[in-house]
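A short write-up of the structure that comes next.
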Amino acid sequence: MSGDLFAKVRRYESYAFRRDLEAQGELPYFRVMQGPPTAVTMMGGAPRVNLGSSNYLGLSGDARLTAAAHCAHQRYGTSINGSRLMNGTTELHLRAEEAIADWFGEEDALVFGSGYTANLGVIGALVGEGDIAVCDAGDHASILDGARLAPGRLLAFRHNRMDRLETLLRRASTTDAGVLVVVDTVYSMQGDLSDLVTVTGLSRRYGARLLVDEAHAVGVLGPDGQGVTALAGLADGVDLRMGTFSKALGGGGGFVTGPADVIDFLRVQARSFLFTAAAPAGGVAAALAGIEIVRSAEGEERRARLAANTARLREDLTGLGFELAPVPVTAHGVPVQTPILRVPAPDDATAARMWKLLYDEGVYVNVALYPAVPRGQAQLRVSVMATHTDEQLERVVAAFAVLARKLALHPVDMVAG
Ligand code: PMP
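So for the sequence shown, full-length UniProt numbering puts the first residue at 1; every next one is plus one.
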């Protein structure tokens, strides 16, 4: 008799924890959204100030993007029903690729069904047999999964430890393996930045190619919303940039942009591009409308408002005694307000209670527990929008003030026993 494949289902360590939280009404996951992810969102039958989405510029839910998606669905149907290779390429997909290449000043771009499949496909196609993917251990799951699925090897270095990156690159350079370094420019859980000056310098010195994931930076940071690479003036040192339509751009899909020959290779080699249906027309049309806004004066205003909202919330939460991670700075020493604030929690159970208290006060945030973050680093993940009003942010600060009082006065109630 073979072992019971399903035995792991009962062993799964967080299962009991999740069930307990669910029984207590404290499970922060799988909550049902009853409207668009706008600054205030209907959840559980009540409006909550939404600090738990990546709709950083507030473009998802914007009437112009909704209209663009509606038109596209009328024209192309609600599903593409096929791979980009076959029947899945519409004019919208091609226009989006042109728009991205133009925006980033690159030769070409490729639009995938999502950011996740973009990373999977790009890394899987480029890191062939005998090649090496060198990744930051804090990289997004789609990068690490792509590197694991690729025929080549994955070598990971400790988060943001440039000395470790150099050790791996030096070792790899003594072989004839091709090397792809992959880092997030903004780390999605911590909101911190990659040291791009060093990463680009080391990649160049040791002959490695570099792919950066700008998912949380596209539309949000840098000149014209081009992200951290452009902000740091390092576009020449980066071979490929990827991003997603599903965050600041308000659509659905993912992309990679870079040299024409590499993009053309990916067009016929990236398995997650070929063996899945194309991004639905509505998501791509919304992203096209989003890119237009992001690149206009209005986009600039939204970025400024987002930075101001983030700075204000950071200051107010710090004033209440929450120990937020410091404002990230680039290697040139320039502070960058990434719209992700991290509020540490003592442990997983307390993080869930903190979350529930805020939820009951009309504020929705995300909770990151292991394995989304390293063990012992449970946190509330607070993501700000350009469209949060002063009044909404005041409500958020009032809710956190209730939380701070409760944590100070009733630590035993709040902290898991
Ligand atoms: N990269 C990073 C850094 C991300 O945070 C995400 C989404 N959380 C992705 C890639 C995947 O993007 P998508 O949601 O479009 O699949």
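Just so you know, even glycine gets a beta-carbon here, dropped at the ideal spot from N, CA and C.
Since Val327 contacts Pro335 with CB under 8 Å, what's their CB separation in whole angstroms?
5 Å
I want to check one thing, is the minimum distance from the CB of Tyr56 to the heavy atoms of ligand 1 below 7 Å?
no
Opposing strand residues paired with Pro36 [DSSP bridges]:
In DSSP, Pro36 forms no bridge with anything.
Report the residue ranges of all alpha helix (DSSP H) runs contained in full by the segment 77-155; include only those spanning at least 4 residues, in chain order.
91-104, 115-126 and 141-149
Cβ-heavy atom distance between Ser383 and ligand 1 below 7 Å?
no
What are the uninterrupted segments assigned as alpha helix (DSSP H) that are 4 or more residues long and contained completely in the segment 237-300, given in chain order?
260-269, 271-274 and 281-294
Which residues bound the alpha helix (DSSP H) around Tyr359?
Asp348 to Asp360
For Gly258, which of Asp239, Leu274 and Thr244 has the nearest alpha-carbon?
Asp239
What's the call for Tyr29, buried or exposed, on a 16-neighbour Cβ count within 10 Å?
exposed
Does Asn55 come out as helix, strand or coil in the three-state DSSP assignment?
coil
Distance check for Ile263 and Pro280, CA to CA, integer angstroms please.
21 Å
Sheet register partners of Ala368 (DSSP bridge):
Gln379
Using a Cβ distance threshold of 8 Å, determine whether the segment 337-355 contacts the segment 307-316, with at least three qualifying pairs required.
yes
Out of curiosity, what's the CA-to-CA distance linking Val49 and Asn309?
14 Å
Span of the beta strand (DSSP E), counted from its first residue to its last, around Arg209:
Arg209 to Asp213
Within 10 angstroms of the Cβ of Met1, are there 16 or more other Cβ atoms? Answer buried if so, exposed if not.
exposed
For Leu306, name the three-state secondary structure that DSSP assigns.
helix
At the level of alpha carbons, what is the spacing between Ala133 and Ser188?
20 Å
Could you check where the alpha helix (DSSP H) with Arg171 kicks off and where it finishes?
Met162 to Ala172
Per-residue DSSP class, three states only, for Gly417:
Note that Gly417 has pLDDT 47, beneath the 50 cutoff, so the model's placement of it is unreliable and the number below is only indicative. Note: Gly417 maps to coil in three-state DSSP.
Whether or not the segment 159-171 and the segment 195-205 are in contact is what I'm after, with contact meaning three or more pairs of Cβ atoms, one per stretch, closer than 8 Å; do they touch?
yes
Measuring straight from C-alpha to C-alpha, what distance separates Ser83 and Tyr116?
16 Å
For the alpha helix (DSSP H) containing Leu196, name the first residue and the last one.
Leu196 to Arg205
Starting from the C-beta of Gly138, find all residues in its chain whose C-beta is less than 8 Å away, skip the five residues before and the five after it, and write them out in chain order.
His159, Asn160, Asp184, Tyr187, Met189 and Gln190
Range of the contiguous alpha helix (DSSP H) that encloses Val9:
Ala7 to Arg11
Quick one, are the C-beta atoms of Ala325 and Asp195 less than 8 Å apart?
no
Is Asp184 near ligand 1, judged by its Cβ being under 7 Å from some heavy atom?
yes
Going by DSSP in three states, Arg342 sits in which element: helix, strand or coil?
strand
Determine, using beta carbons only, whether Gly52 and Met42 come nearer to each other than 8 Å.
no
My guess is that Gly290 and Leu65 are in contact by the Cβ rule of under 8 Å, so how many angstroms apart are they, rounded?
6 Å
So is Phe104 buried or exposed if we call it buried at 16+ other beta carbons inside 10 Å?
buried
What's the gap between the Cα of Ser54 and the Cα of Arg302?
14 Å
Quick check on DSSP: helix, strand or coil for Pro47?
strand
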